[in-house]
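Take the sequence shown: its letters are residues 1109 to 1466, numbered as in the working numbering. Even glycine gets a Cβ: it sits at the ideal position worked out from N, Cα and C. This report concerns only the one structure given below.
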Amino acid sequence: MLTITSPAAYAPADSGGTQPSAAPPAPAPSGGRHAAPRRPIRPWLQPAVIGLVLVAAFITCYVGLQRDPRPHRVPIAVVGDSLAADLRTALGDSAEVHPVATVAAARSALTGRDVVAAVSADGGGLTLQVAGANGRSTTGAVQRLVGAYAAGTGRTVAVTDAVPLAGHDANGLAGFYLAFGVSLAGFVLAQSALGLTAQLRLRHRLTLLLGFAPAAGLVAAVLAGPVLGAVPAPLLPLALALSLLTAAVGLTTKLLGTYLGPIGIPVATVLLLTVGNATSGATVGPDLLPGAARAVSALLPPGAAVRAITDLTYFHGAHLALPLLTLAAWVAATGLLLAARARGPRRGVASGGAARPA
């Protein structure tokens, strides 16, 4: 092999010829100590900021929403036009009064979850029927509203619970924890699936998420229902609702992680586990939430699932269709977006950079 060497390399060291001088060595730091290299700020600043945002979001949602819940157009069935007119005037925007002709019609509206309470006149007093299954915050708010009206008119109020809570769900929170547990399982699995991008193809990861969903839904339904007796709903419809919730949360988390990268997991945490569960209507009734929270309550997967669980457990599935359709829409939309991402051009291919897997 022919090697070309610079002529200056052949000049003797003492020939006096001009040679390119080497760069002088960097002076050693004074004191004999080696200066430590500057560490970049972003690697530790970003997770710290994300953690602070999550803390703020969690406290704002869970504590803030329970700080001062106020009723807004709470649906109440009232027997008789005269009493209905009086209550409508007295309660204003706090209640949405539905006049009915008979006590039986009022009770039917209550047990069908068309209203959350029913009021009728009984001699010199009032009879208030509530559905404890709607949660303590809602029934408590209705009792205070009707009680204030009765006190102002010199009447007494007799309260009866037409749809009481299950015996093993004294605080009415079993549905909330059931939905939260299933959401958490779907979230954790999706986070794990994002870490398997190099080992599994997208179709295998989607199969993992969609195959896990019915298993998680069935296990949760069996434990909450027949085993613990806290959610006495029909087993298979309950398992279906929980399966859809698992799939919706898992696919949404996977979607956000795929499209947004590392920031996708914190976004999913805020959207699904924090805002979604806090506004679900389980801890604070939907009609007592602030306007923005009330608007998203039924649209996010946890809120839709809590409504489905309550409908199945206490109201014979009277309004089950809409929550199930909401959950199915989340599953379909996120699945299609993930499939579109897989078929589209990979990020970084056009610019010669490394592509981010779907």
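Task: Distance, A1450 Cα to R1311 Cα - done: 9 Å
Open item on the list: Just to confirm, is the Cβ distance from V1211 to S1190 under 9 Å?
Closed with: no
Open item on the list: Taking the alpha-carbon of A1225 as reference, which of G1232, T1264 and E1204 has the nearest alpha-carbon?
Closed with: E1204
Open item on the list: Can you look up S1228 in the DSSP assignment and give me helix, strand or coil?
Closed with: strand
Open item on the list: Taking 8 Å as the cut-off, is the beta-carbon of A1249 closer than that to any non-hydrogen atom of the ligand SAH?
Closed with: Questions concerning the ligand SAH fall outside what the structure shown contains, since it holds no ligand whatsoever.
Task: Proximity winner among T1360, R1263, G1243 and F1423, relative to L1281 (alpha-carbon distances) - done: G1243
Open item on the list: Does any residue of chain B have a CB that is nearer than 9 Å to the CB of T1442?
Closed with: As a matter of chain content, chain B is missing from the structure shown, which is built from one protein chain.
TODO: For P1342, collect the residues of the same chain with a Cβ closer than 7 Å to its Cβ; drop the 5 residues on either side in sequence, then sort them by chain order.
DONE: L1420
Open item on the list: Suppose the cutoff is 7 Å on Cβ atoms and the five residues either side in sequence are ignored; what does the same chain contact list for V1357 look like?
Closed with: S1291, G1294, F1295, L1380 and P1409
- [ ] Return the CA-CA distance between L1359 and A1412, expressed in angstroms with no decimal places.
- [x] 16 Å
Task: Sufficient close CB pairs (3 or more, under 8 Å) joining the region 1370-1379 to the region 1388-1405 - done: no
- [ ] Look at the Cβ atom of G1393, then the Cβ atom of A1239, and state whether they are nearer than 9 Å.
- [x] no
Open item on the list: So, for L1446: in the same chain, excluding its five sequence neighbours on each side, which residues have a beta-carbon less than 6 Å away from its beta-carbon?
Closed with: L1363
Task: N-terminal and C-terminal residue of the beta strand (DSSP E) that T1092 is part of - done: Nothing in the structure corresponds to residue 1092, since the chain is present only between 1109 and 1466.
Task: Proximity below 9 Å, CB of A1241 to CB of T1387 - done: no
TODO: To the nearest angstrom, report how far apart L1218 and T1315 are at their CA atoms.
DONE: 42 Å
Open item on the list: Considering Cα atoms alone, identify which of H1180, F1166 and G1337 is closest to L1273.
Closed with: G1337
TODO: For the beta strand (DSSP E) containing H1312, list its first residue and its last residue.
DONE: Segment L1310 to V1330 is the alpha helix (DSSP H) holding H1312; no beta strand (DSSP E) there.
Task: Distance, T1305 Cα to W1152 Cα - done: 25 Å
Task: Alpha carbon of S1300 to alpha carbon of R1178, nearest angstrom - done: 40 Å
Open item on the list: Under DSSP, the beta strand (DSSP E) around V1238 begins and ends at which residues?
Closed with: G1233 to V1238
Open item on the list: Using only the alpha-carbon positions, how far apart do G1139 and A1156 sit?
Closed with: In this predicted model, G1139 has a pLDDT of only 49, less than 50, meaning its place in the structure is not dependable; the value taken from the coordinates is given anyway. Using only the alpha carbons, I get a separation of about 35 Å.
Task: Best match in L1195, S1351 and G1389 for proximity to L1435 [C-alpha to C-alpha] - done: S1351
TODO: Express the C-alpha separation of V1182 and A1324 in angstroms, rounding to a whole number.
DONE: 35 Å
Open item on the list: Whole angstroms are fine: how far does the CA of D1230 sit from the CA of L1236?
Closed with: 10 Å
Open item on the list: Between which two residues does the beta strand (DSSP E) holding V1375 run?
Closed with: It is not in any beta strand (DSSP E) - V1375 instead sits in the alpha helix (DSSP H) that spans G1372 to A1376.
Task: Boundaries (first-last residue) of the beta strand (DSSP E) holding V1223 - done: Note, V1223: premise wrong, no beta strand (DSSP E); not H, not E.
Open item on the list: Using CA atoms only, rank isn't needed, just tell me which of P1345, A1321, L1428 and V1330 is closest to V1439.
Closed with: A1321
Task: Spatially closest choice to S1216 from A1198, A1185, A1193 and D1201, by CA coordinates - done: A1185
Open item on the list: Once DSSP output is grouped into helix, strand and coil, what is the label at V1339?
Closed with: coil
- [ ] Have a look at A1287, G1233 and V1161 and flag the residue whose alpha-carbon is nearest the alpha-carbon of T1354.
- [x] A1287
TODO: Identify whether P1207 lies in helix, strand or coil by the three-state DSSP scheme.
DONE: strand
- [ ] For P1183, name the three-state secondary structure that DSSP assigns.
- [x] strand
Task: Helix, strand or coil at P1272 [DSSP, three-state] - done: coil
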